[in-house]
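A.B. asks:
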Amino acid sequence: MVSIEDIPAEVRWEIAAKAASATPLAYDMVFREALGDKYDEIERPIYVEAGKEMKSLATALGLPTDNARDLDDAQNVLTTILYGPEFEFGNVEGTGDRAVGKATGCAVLNRALEMGLDPKICLEACQTFCKSTIENLNPKYTTRSIRNMCAGDPYCEMVIELRG
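Per the UniProt record's numbering, the sequence shown starts with residue 1, numbered consecutively.
1. Rank Leu61, Glu157, Lys18 by C-alpha distance to the C-alpha of Pro85 and give the top, closest one.
2. Which ranges would you report for the alpha helix (DSSP H) in the stretch 27–115 if only whole runs of at least 4 residues count?
3. Grab the span of the beta strand (DSSP E) containing Ser145 for me, first residue to last.
4. Indicate whether Ala125 and Tyr47 have their beta-carbon atoms separated by less than 8 Å.
5. Assuming contact is defined by CB atoms lying nearer than 8 Å, are Gly90 and Thr80 in contact in what I supplied?
6. If you measure between the beta carbons of Ala68 and Ile7, is that distance less than 8 Å?
7. Name the DSSP beta bridge partners of Ile160, please?
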């Protein structure tokens, strides 16, 4: 008899990550057709709540979230845990109060392309999730997107900084 333990952990993670990154797109395909322009408005609170949950994960893992650089690192680790190793990150710059994070690989974008979807459908959810994650990890900080692969940019870039 085959057991889950017979499947290497790395393979299980890859399978789970692909399912996790495809699921929101499947919901989008079905519900956007029925709800039209209201879909993004209805979906937004889901990603706000998902960002709140990232705080619990960061705490459980003991991830530092004291400054902008810590927040960028924590978000990268948490996103990779949830969506898998297709995410690729690199820091553009970072100081205590401000960090510019860069992503060059995205599992959700990859799933959208595989499913034949317009990647722009990912933008609102991604930005909402990232903003909620940062603001819940450390309420003194916020984030904004500068570049987005889903909008055709060669990479994603976001600024994490102290709230004004």
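By construction, the Cβ of each residue, glycine as well, lies at the ideal position given by its N, Cα and C atoms.
C.D. replies: On the basis of the data shown:
1. Translated into the one-based positions of the sequence shown, residue 85 becomes position 85. The shortest Cα separation from Pro85 among Leu61, Glu157, Lys18 belongs to Lys18.
2. 38–61, 68–83, 107–114
3. Locating residue 145 in the sequence shown gives position 145, counting from the first residue. Counting along the chain, the beta strand (DSSP E) containing Ser145 begins and ends at 141–147.
4. Reading the sequence shown from its first residue, position 125 is the one you call residue 125. Reading the sequence shown from its first residue, position 47 is the one you call residue 47. Yes, these two residues count as a Cβ contact at 8 Å.
5. Stepping through the sequence shown from its first residue, residue 90 is reached at position 90. Stepping through the sequence shown from its first residue, residue 80 is reached at position 80. Cβ atoms of Gly90 and Thr80: not closer than 8 Å.
6. The sequence position of residue 68 within the sequence shown is 68, counting from 1. The sequence position of residue 7 within the sequence shown is 7, counting from 1. No, they are not a contact pair.
7. Your numbering for residue 160 matches position 160 in the sequence shown. Per DSSP, Ala99, Thr143.
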